[in-house]
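For the sequence shown, this note's numbering assigns the number 76 to the initial residue and increments by one for each residue that follows. We put the CB at the ideal spot given by N, CA and C, even for glycine. Being a predicted model, the structure only gives us computed values, none of them experimental.
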Amino acid sequence: MQALSVNHLKSVYAKLMGALFLSLLLLAAGYFFLYQHQQKNLEKIAQNQTLEFTKSFKEFLYFRALPLEGYLQSAAFFEDTKGRVEAMWDVWMRASMGMEGVGYDAVLLLDRTRLPLASLSLIEGVGEKELLGVIPVESLSLEYPIFVRSFVKLQGKESKERVIELFSSPIRSSLRGEIQGYLVAFKLWNDTEISSLDRLSSHQIHLLLEGDDSRGYDLFYPLQDFYGREVARVGVVLDKSLALTIDRIFSFQIAFVSSAGLLASLGILALLFVLVLRPLRQLSKVLQEKDKATLKELLYKEDEFGEISRVVQRFFKQNAILEQYKGAIDASFIVSKGDLLGNITYANDQFCQVSGYKREELLGRNHNIVRHPDNTREFFAALWKRISSGRIWSGVIKNRNKRGGDYYVRAVIVPLMNDEGEIEEYLSIRTDITELYEQMQMIIKQTTDLLTGLPNKQQLLHDLENPLSHCLLFVNINRFRGVNDSFGHEAGDSLLVEFANRLGALLPMGATLYRLGGDEFAILLEEGKGEIETLSRDIFATLEETPFIVAGTEIILSARISSACGVELLYQKCDMAMNYAKINNLSFVDFDRNGQIREELERSKMITRMIQEAIRSDFIQAYGQKIVSVKEPNLYKIETLMRIVDGSGKITSPFIFLEQAKNSRLYSRLTRIMIKKVFESFKGNALEFSINLTFEDILDHETTRFILDSIQSMGLQNRVTIELVESEEIGASPEMELFIKEAKALGCKISIDDFGSGYSNFDYILKIGADFIKIDGSLIKNIDTDKNSYITVKTIIALAKELGIGVVAEYIHSKEVMEVVVELGVDYLQGYYLHEPQKLDVLLA
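Quick look at the structure:
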């Protein structure tokens, strides 16, 4: 063990010596590098001095011209300028032509043809003629109306060549007027002028004319005339004192650093090993292996490594919490990350589950792998514009999964920044809201008429809950069924759409148009009898004056209108007024002006109170009536019927209260109460039974969901027949088709009730897969004496047999009626002659 320790120390010593030798080599290499670098720095200093002088000299020339340019801008009018020049002549003369700190040696004022108006020269031997001779003609051109600065050579009387700086500018009669003349100033460049430059700079500066010796200068600055030709040059000898000082300091620093570095190398190497290398290895082990024992050992140190270890410990704790947060988010949300191009770099299990893709199918692919084609380019352009600017985006996105199905997510996309504030990647956290979205769409469909796109009756009833006072109109098309019979339902639908468009064009501001169903529309507007009368007249006039075109045929439609104003029971009031108009063949009825209808309203209120009391006191009772098989009279099914039986035992039929229940929005509650009682009664036996549903029931998602869930939970599959009251609305309802599909999946049978009383559409019956039709009692009750009823029923039965649909005859009230329908071939019989309705608990006892 000791030998091993000695060998270990020798190995460490050899490594330290090698490290020392390497450090010396590095010092020598560093010295050579620094020397080369210092030489380059000296060259760079010279270059910077050259650039600095050139820049400063340009600025010097610019600022010399600035006072005169500013003077001209402040005196832009020719007469004004001329007056100022003449007024300032003596002042300039006494001040050596100084102007705001700059001395000019000569001035010329010229008119627009370049003829002199005034002149002054302090240049020895140079007068107005000589000055005019050196001015570049092009600088005083009407096509060159700007301030010009240039240099010229001037030959004096003593034949001595001189350099003059020339400034010229046009003068206008007004701010944007034509040029009226020119002002030209001259500055002589001589030894005095050059010496002033020496005082502004630490360099030696000389003016060099043609033929002067140019040796010994570090740089030259050309003085150019108006045409860009060199007139003279300024020679500069750069000040090298700074470079020499820096070079001496560098030499001393290199010597000192080399000596100190050599002595410090050994000590540094030793200290590095003891104080840095060993603790760093321990920390590295802690971070890589999460070695808690080593971390605990380091925690008690009082140096920097102890502090780092405590920071590492806090990091481990926070990281553990963050991992739990991440686990919670991954379990609850769809999470993904993407690079700057939108390519997926991380996808959690929720993303894979909802999208249908495996993780390896997602990673590296762009996020548009789940993009739905319904999303526009503009939508994603706006999204990318926001997040690429570093801002958070949130909203709802429609996506498509691997199987091609749609799903909706509420997404939050966050740009993740680095320490420099640059975007590194994008984090997307999404919530699957597909079920919520579909429920919202279902609600929208329930309140929207599918044919016209208008709000429907359900939406109108909801809007009428607003306690504000309104006026309501019902508009009913007269004899519309004749259009359907003559031209077909497709043509009738087109006519309804056109009728709705014409009504919409007549509406005043703030009014809303609804389609209640069939050929009936409603208009809700703010209270005002005058508007009702005006709108009604407009509707009648439009119908009379403008015919409708149906299958190439002109049709003049007529309508009935009913109205009511106020806060309460507007729908019931209008409905009563419309019924009154139909009975009495009136085109317009105002409820508020008709006493008989108001009596009907009081009756409606009474019925509504009766329904509310029945719900509170559990007076809703389930009754049943047998539906007897013709082939096997001992076999029967039971149609369940609703009754209200009050505390005194009085029985009220749905004929009395059902329509009012719909108007007062209590109908859905009655349906659910009845269904619950019926299902509870039949769940303990094996009998087949039927329940009655209307179009309003099918539109109520809560009701249909309750029915389907109850059938499944109570084990009533294959025993329930759903009797649908035949109507035009059902024939055009996708909600109905969806409900029937789900009901049939549970073994339910479908029967069309009251067939032959109205819509009577065999195409629709085939489409929904009806199992039975129940012929309306109005056709059955007199079939033994009414030939027309006999023929109609016979035809219906024959068609049903051809289509494989069972037939039920209701309203069997006598032996004679029963014998006729049995002869015609019905499958089932129902009526008081066979069985009177009983309380369901008594019937099933």
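To the nearest whole angstrom, what separates the beta carbons of residue i and residue j, a pair I think is in contact under 8 Å?
{"i": "Gln-905", "j": "Gly-699", "result": "Going by Cβ atoms, the distance from Gln-905 to Gly-699 rounds to 11 Å, so no, they are not a contact pair."}
{"i": "Ile-825", "j": "Leu-799", "result": "7 Å"}
{"i": "Val-312", "j": "Gln-279", "result": "4 Å"}
{"i": "Gln-255", "j": "Arg-304", "result": "In fact, because the Cβ distance is near 30 Å, the residues do not count as touching under 8 Å."}
{"i": "Lys-849", "j": "Glu-877", "result": "Going by Cβ atoms, the distance from Lys-849 to Glu-877 rounds to 18 Å, so no, they are not a contact pair."}
{"i": "Lys-701", "j": "Tyr-711", "result": "4 Å"}
{"i": "Leu-526", "j": "Asp-560", "result": "Not confirmed; about 18 Å, so no contact."}
{"i": "Ile-773", "j": "Glu-810", "result": "5 Å"}
{"i": "Leu-548", "j": "Ser-638", "result": "5 Å"}
{"i": "Ala-818", "j": "Leu-783", "result": "7 Å"}
{"i": "Val-883", "j": "Asp-861", "result": "So it is not a contact: roughly 19 Å between Cβ atoms."}
{"i": "Asp-180", "j": "Leu-263", "result": "4 Å"}
{"i": "Ser-739", "j": "Ile-797", "result": "The Cβ separation is near 25 Å, so there is no contact."}
{"i": "Phe-732", "j": "Ile-719", "result": "7 Å"}
{"i": "Ala-689", "j": "Ile-695", "result": "6 Å"}
{"i": "Ser-225", "j": "Phe-301", "result": "4 Å"}
{"i": "Leu-571", "j": "Ala-586", "result": "Not really, about 19 Å apart at Cβ, beyond 8 Å."}
Determine the DSSP secondary structure at residue i, reduced to helix, strand or coil.
{"i": "Val-558", "result": "helix"}
{"i": "His-545", "result": "strand"}
{"i": "Gly-592", "result": "strand"}
{"i": "Leu-136", "result": "helix"}
{"i": "Thr-778", "result": "helix"}
{"i": "Gln-792", "result": "coil"}
{"i": "Lys-725", "result": "coil"}
{"i": "Ser-739", "result": "coil"}
{"i": "Asn-654", "result": "helix"}
{"i": "Tyr-903", "result": "strand"}
{"i": "Tyr-865", "result": "helix"}
{"i": "Leu-535", "result": "helix"}
{"i": "Gly-881", "result": "strand"}
{"i": "His-83", "result": "Because the pLDDT at His-83 is just 38, under 50, the model does not fix this residue reliably, and the value given afterwards should be weighed accordingly. If DSSP states are grouped into helix, strand and coil, His-83 belongs with the helices."}
{"i": "Leu-799", "result": "strand"}
{"i": "Lys-914", "result": "strand"}
{"i": "His-564", "result": "helix"}
{"i": "Arg-635", "result": "strand"}
{"i": "Leu-582", "result": "coil"}
{"i": "Ile-467", "result": "coil"}
{"i": "Asn-576", "result": "helix"}
{"i": "Asp-784", "result": "helix"}
{"i": "Val-597", "result": "It should be noted that the sequence gives Ala, not Val, for residue 597. Note: Ala-597 maps to strand in three-state DSSP."}
How would you call residue i, buried or exposed, if buried means at least 16 neighbouring beta carbons within 10 angstroms?
{"i": "Asn-123", "result": "exposed"}
{"i": "Gly-900", "result": "exposed"}
{"i": "His-537", "result": "exposed"}
{"i": "Phe-830", "result": "buried"}
{"i": "Pro-297", "result": "exposed"}
{"i": "Ser-384", "result": "buried"}
{"i": "Asn-474", "result": "buried"}
{"i": "Ile-409", "result": "buried"}
{"i": "Ala-78", "result": "Any reading at Ala-78 must be qualified, since the residue scores a pLDDT of 33, below 50, and its modelled position is unreliable; no value is offered."}
{"i": "Ser-243", "result": "buried"}
{"i": "Tyr-907", "result": "exposed"}
{"i": "Tyr-742", "result": "buried"}
{"i": "Tyr-88", "result": "At Tyr-88, the pLDDT of 44 sits below 50, so the modelled position is not reliable and the matter cannot be decided from this model."}
{"i": "Glu-513", "result": "exposed"}
Could you confirm whether any beta carbon from chain B is found closer than 9 Å to the beta carbon of residue i?
{"i": "Gly-593", "result": "Absent from the structure: chain B. Only one protein chain is present."}
Quick check on the DSSP output: what are the complete beta strand (DSSP E) runs of length 3 or more inside the region 179-261, in order along the chain? 181-186, 191-196, 223-230, 236-247
Every unbroken beta strand (DSSP E) within the region 822-862, with a cutoff of 3 residues, ordered by chain: Entirely contained in the region 822-862, the beta strand (DSSP E) runs reaching 3 residues are, in chain order, 824-830, 847-850.
If contact is defined by three or more beta carbon pairs under 8 Å, each pair taking one atom from either stretch, is the region 551-561 in contact with the region 588-602? yes
Report the start-end ranges of each beta strand (DSSP E) in the region 291-316 that is 3 residues or longer and not cut off at the edges. 294-299, 305-312
Whether or not the region 665-680 and the region 644-652 are in contact is what I'm after, with contact meaning three or more pairs of Cβ atoms, one per stretch, closer than 8 Å; do they touch? With a cut-off of 8 Å, the region 665-680 and the region 644-652 count as touching, because enough Cβ pairs lie within range.
Pairs of beta-carbons, one from the region 399-407 and one from the region 488-501, closer than 8 Å: are there three or more? no
Complete runs of the beta strand (DSSP E) confined to the region 394-458 [at least 3 residues]: Runs of beta strand (DSSP E) with 3 or more residues, each lying fully within the region 394-458, are found at 409-413, 419-422, listed in chain order.
Within the chosen definition, does the region 752-766 reach the region 785-792 through at least 3 CB pairs nearer than 8 Å? yes
Is it a yes or a no for the region 283-291 touching the region 191-209, going by three-plus beta-carbon pairs under 8 Å? no
Whole beta strand (DSSP E) runs in the region 473-504 with 3 or more residues, listed along the chain? With a minimum length of 3 residues, the continuous beta strand (DSSP E) runs that stay inside the region 473-504 are 481-492.
The region 608-616 contacting the region 640-647, beta-carbon criterion three pairs below 8 Å: Short answer: they don't touch.
What beta strand (DSSP E) runs, 3 residues minimum, are completely inside the region 641-726? 663-665, 695-704, 711-720
Taking 8 Å as the cut-off, does the region 562-580 touch the region 652-668 (at least 3 CB pairs, one atom from each stretch)? Contact between the region 652-668 and the region 562-580 is not established, with fewer than three Cβ pairs separated by less than 8 Å.
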